[in-house]
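What follows is one structure encoded as structure tokens, with my remarks underneath.
Numbering (the working numbering), first residue to last: 2 to 113.
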């Protein structure tokens, strides 16, 4: 966030992990960020706050994230996850139930 601007928060949301339903991670209900070291991350691009938030969280867990794709379309990211090209951190509310076919949404043990 830029210090010269005022921000009004009107809705809460949580960061979630999206994995392919065929992924070994899909058997879990919750995942620790530290357990994802070395994973291939797919996320929204640098123009969003996602990259900085994910980098900070991964650094806190003891590693640098491996971003293999940073795009602007959530549906493209979800399709790449379905194809098991990586895992995606997105906000829970940004992915509707109708978009979850072939995917599993996991809660993070830590909150961000």
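Built from N, CA and C at the ideal position, the CB exists for glycine as well. Predicted, not measured: the structure shown is a model, and the values here were computed from it.
Legend entry - Residue nearest to residue 90 in terms of C-alpha spacing, selected from 6, 25, 50, 5: Along the chain shown, one-based indexing puts residue 90 at 89. For the set 6, 25, 50, 5, the Cα lying nearest the Cα of residue 90 is the one of 50.
Inset, instruction - Over the uninterrupted beta strand (DSSP E) stretch that includes residue 17, give me the two end residues. - result: If you number the chain shown from 1, residue 17 lands on position 16. Note, residue 17: beta strand (DSSP E), 16-21.
Inset, instruction - Sort 85, 66, 67 by Cα distance to residue 22 and report the nearest one. - result: Looking up residue 22 in the chain shown gives position 21. Here the closest residue by C-alpha is 85.
Inset, instruction - Put residue 96 into one of helix, strand or coil per three-state DSSP. - result: Here residue 96 is taken as the residue at index 95 of the chain shown, counted from 1. Coil.
Legend entry - Buried versus exposed, by CB contacts within 10 Å (16 or more), residue 17: Here the question's residue 17 lines up with position 16 in the chain shown. Around the CB of residue 17, 16 or more other CB atoms lie within 10 Å, so the residue is classed as buried.
Legend entry - residue 110 and residue 56 closer than 8 Å at C-beta: In the chain shown, residue 110 corresponds to position 109, counting from 1. In the chain shown, residue 56 corresponds to position 55, counting from 1. For residue 110 and residue 56, no; Cβs fall outside 8 Å.
Legend entry - From 98, 94, 87, 99, residue whose alpha carbon lies closest to that of residue 20: Sequence index remark: in the chain shown, residue 20 carries index 19 (1-based). Residue nearest to residue 20 within the set 98, 94, 87, 99 is 87 (criterion: CA-CA distance).
Inset, instruction - Classify residue 4 as buried or exposed, calling it buried when 16 or more other Cβ atoms lie within 10 Å of its own Cβ. - result: The count along the chain shown starts at 1 and reaches residue 4 at position 3. Exposed is the call here.
Legend entry - 7 Å CB neighbourhood of residue 73 in its chain, flanking five on each side removed: Working through the chain shown from its first residue, we reach residue 73 at position 72. Excluding sequence neighbours, residue 73 sits near 45, 46.
Inset, instruction - May I have the straight-line CA-CA distance separating residue 68 from residue 7, to the nearest angstrom? - result: Position 67 of the chain shown, counted from the first residue, corresponds to residue 68. Position 6 of the chain shown, counted from the first residue, corresponds to residue 7. Separation of residue 68 and residue 7 (C-alpha to C-alpha, rounded to the nearest whole angstrom) is 30 Å.
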